[in-house]
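Worksheet: the structure to be examined is printed underneath.
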Amino acid sequence: MDLLQIYKDQNDDEIDKLEDQFQDPHSTASSPEASTSIAMPLTPLPLLATITSVILMPCKRVMPSLCTTSHSTSRRRGRLKRRKQRRRKVMATKKTSLRLSRRIGRVRGQARRKEECAKKKGGERERGSEKGEILPDKSTFHGKEERDYQGRSWIAPPKDAKANNDHCYVPKRLVHTWSDHTKGVSAIRFFPKQGHLILSAGMDAKVKIWDVFNSGKCMRTYMGHSKAVRDIWFCNDGTKFLTAGYDKNIKYWDTETGQVISTFSTGRIPYVVRLKPDDDKQNILLAGMSDKKIVQWDMNTGQVAQEYDQHLGAVNTITFVDNNRRFVSSSDDKSLRVWEFGIPVVIKYISEPHMHSMPSISLHPSTNYLAAQSLDNQILTYSTRDRFQLNKEKKFWGHIVAGYACQVNFSPDGRFIMSGDGEGKCWFWNWKTRKVFKPLKCHEGACIGCEWHPLEQSKVATCGWDGLIKYWHRSPVIWAMIPRCLVGYLGLVASLLYVARCGYHVMNLSLAHGLPHIYSSAPQKPYQPPSSPCFPCGTCRYYPALENNQLQYSIPVASKSCLFG
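Residues in the sequence shown are numbered consecutively from 1, following full-length UniProt numbering.
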């Protein structure tokens, strides 16, 4: 309904008068009202405003929504819109978080199921091995016979192996090289206590064991990993060993037969594996993983017995101290942590702002010190007694690690400390005086591993990224004497032995002939008398003699100054 019509119904008389005045502005009247009405059209705008306000006032009372929209209503609508927007955002966030939580739940469920499957498989394999079931053979024997005529196994130590580590010397010369690995060698370990065999782990996913005492050849190859092998470790008697590979598996091998006894896995890469050193606890396995954890297994049951989860980076080393009641671990988080065995609580935390990652730690033979290879090109020393405090006066430097995890090790008598470096050199220092010796140029790439022979003095094995394993000694003729059997005497040979300085002749005293004889100690070389005397004094005279198809050289006169023994 028109607003003007409503107002007319209420005030007909007033509206009619106003309309008459607007419709006839030129009407003549003698009264003052007429003169006023004639002048009104000259200013119509204020009158129109007055009329509009008069007309709309009652309308606002009757129908305010039809006239104007209040400001409060618009603000209310704005608030409602904003609330709706906020609700939509909250709902979207809730939906996203719900989706993420569901995804995380699915991933965790899958990981949990994988772990359960791995545990079941490990348990089944262990139960199968306990029942006597033969696991698939993944090794190859390269020797002639696995047992000798006396029934002794090929891993049995030789009877004439004796400890001779009272006084060690720094090696100077290369005596042998093993080169069967097709890629770099990541770790080497001597056979425990005897050292007549050496175990090597390669980046070609193979583990090989070599004869050091007799033939110097590869005795067996173990093939069970699909990727490179990271670490290896012997048990106390050497009959079994552990391997950790980048295929996320830890395998427990029989050294003699080459069979896989059991396999362990958590779905993460194991960086280091160790067995509890106590003889009665060789069934306890500790492994430092890439997911910051140290996992402890009971190999009898195949179950995880404990987890040590305090590190913030991958665990690189595990070293037992304090009569095997504690162990020290190093990590990529640039810290050392000391643990009480069996208790997943850190009892000592070592971390300084200037510290770097320590990828290798070795225990001194006296068990009083730890040597840690730091990535800032120095070897740090920590005491195992005085609350694992850093010995600031005993630091060793000079080598360039260049970011490689080069191994640090001690001589059996504790007089020397050695380390590889990123330039392929092997460095030696005096433990007490910190004097550095002339380094050996061992490999073309980085020298990763270095091991001192546990029994014989001055013998060191090194390995590197060039795929070679090298054997070093202070004397150049010892390796030639190890496997050689010099045949030719008819009677009993006395125990007196002299070696010429030339390194190619050995003299023994025969009781049957009563004369000393000279043999060549290198059968691969022709049996020819030297063109000139091999001794510096020049008093030796040789003449050949053929006996039992073996060429020998007799020497009637020899000066003591030209021989050593």
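In this text, a Cβ means the ideal position worked out from N, Cα and C, and glycines have one as well.
Treat the numbers as computed from the prediction; the structure is a model and nothing was measured.
Assuming the contact rule is C-beta atoms closer than 8 Å, residue i and residue j should be a hit. Round their C-beta distance to whole Å, please.
i           : j    : result
V207        : V229 : 6 Å
D254        : A244 : Not really, about 17 Å apart at Cβ, beyond 8 Å.
S474        : Y169 : Rather than Ser, the amino acid found at residue 474 in this sequence is Arg. That belief holds up - the Cβ atoms of R474 and Y169 are roughly 5 Å apart, short of 8 Å.
A372        : I417 : Not really, about 11 Å apart at Cβ, beyond 8 Å.
F241        : L199 : 6 Å
K392        : R434 : Not confirmed; about 12 Å, so no contact.
A161        : L363 : Incorrect: roughly 24 Å between the Cβ atoms, too far for contact.
residue 571 : I250 : It is not possible to answer for residue 571, since the shown part of the chain is limited to 1 through 565.
In the DSSP assignment, the beta strand (DSSP E) including residue i goes from what residue to what residue?
i    : result
D211 : V207 to D211
G410 : Note that residue 410 is Phe in the sequence shown here, rather than Gly. First-last of the beta strand (DSSP E) with F410: V408 to F410.
D231 : V229 to F234
S335 : No beta strand (DSSP E) contains S335, which DSSP labels as neither H nor E.
W472 : I469 to H473
H176 : R173 to W178
L242 : K240 to G245
W253 : I250 to D254
G420 : F416 to G420
M219 : C218 to Y222
Excluding sequence positions up to five away, which residues of its chain have a Cβ less than 6 Å from the Cβ of residue i?
i    : result
T462 : C426, C442, C447, C450 and K470
I347 : V338 and E340
L80  : none
K276 : I284
E146 : W154
S35  : Because S35 carries a pLDDT of 41, less than 50, the predicted location of this residue cannot be relied on, and the following value inherits that uncertainty. Excluding sequence neighbours, S35 sits near nothing in its chain.
Suppose the cutoff is 7 Å on Cβ atoms and the five residues either side in sequence are ignored; what does the same chain contact list for residue i look like?
i           : result
G467        : S179, H181, T182, K183, G184 and V185
residue 572 : Look at the range of the chain in this structure, 1 to 565, and you will see that residue 572 is not part of it.
N377        : W397, H399, I400 and V401
Q524        : Note that Q524 scores 41 on pLDDT, short of 50, meaning its location in the model is unreliable; the coordinates nonetheless yield the value given after this. Contacts found: none.
N300        : N283
Quick one: Cα of residue i to Cα of residue j, how far?
i           : j    : result
residue 583 : R76  : Nothing about residue 583 can be reported from this structure: the residues present for the chain run from 1 to 565 only.
G143        : K159 : 19 Å
K293        : V321 : 19 Å
P439        : F428 : 7 Å
I379        : L390 : 11 Å
Q306        : Y382 : 27 Å
N324        : K94  : 52 Å
T317        : G216 : 30 Å
S74         : K89  : 23 Å
H225        : C218 : 19 Å
S101        : R113 : 18 Å
M223        : G105 : 37 Å
V460        : I209 : 16 Å
S329        : I350 : 10 Å
E115        : Q407 : 32 Å
F388        : Y369 : 9 Å
S419        : N236 : 24 Å
Q194        : R103 : 55 Å
A205        : K281 : 29 Å
P171        : F437 : 10 Å
G151        : K227 : 36 Å
T43         : S72  : Unreliable positioning characterises T43 in this predicted model, as indicated by a pLDDT of 44, which lies under 50. A coordinate reading is not provided.
T96         : G258 : 53 Å
G109        : G302 : 22 Å
Y246        : Q85  : 51 Å
D333        : M358 : 9 Å
P344        : L312 : 15 Å
Which residue from the options puts its Cα closest to that of residue i?
i           : options                   : result
S360        : Q110, A405 and D148       : A405
P353        : E307, E115 and L336       : L336
R415        : L312, S366 and R387       : S366
V175        : F213, S153 and A161       : F213
L285        : L312, W233 and Q85        : W233
residue 567 : Q457, V304, W472 and D166 : Here the chain comprises residues numbered 1 to 565, so residue 567 is not present and cannot be evaluated.
V273        : S419, G109 and F327       : F327
G342        : L363, Y308 and S330       : Y308
W154        : D166, F141 and A161       : F141
S331        : M355, A92 and S139        : M355
G409        : Q85, T319 and Y246        : One detail in the question is off: residue 409 reads as Asn in this sequence, not Gly. Here the closest residue by C-alpha is T319.
K138        : E146, R220 and M91        : R220
S262        : D298, D278, K281 and D279 : D298
Can you find the residues in the same chain that come closer than 8 Å, C-beta to C-beta, to residue i, ignoring five residues on each side of it along the sequence?
i    : result
M289 : T266, R268, I269, P270, Y271, V295, A314 and V315
G424 : K441, C442, H443, E444, G445, A446, C447, G464 and D466
K248 : S265, T266, G267, R268, I269 and P270
G238 : I155, F191, P192, K193, Q194, L197 and T255
T177 : L468, I469, K470 and Y471
D386 : none
Check whether the Cβ of residue i sits closer than 7 Å to any heavy atom of the ligand ADP, and report yes or no.
i    : result
D322 : For the structure depicted, the ligand ADP is absent and the ligand set is empty, with no information on it obtainable.
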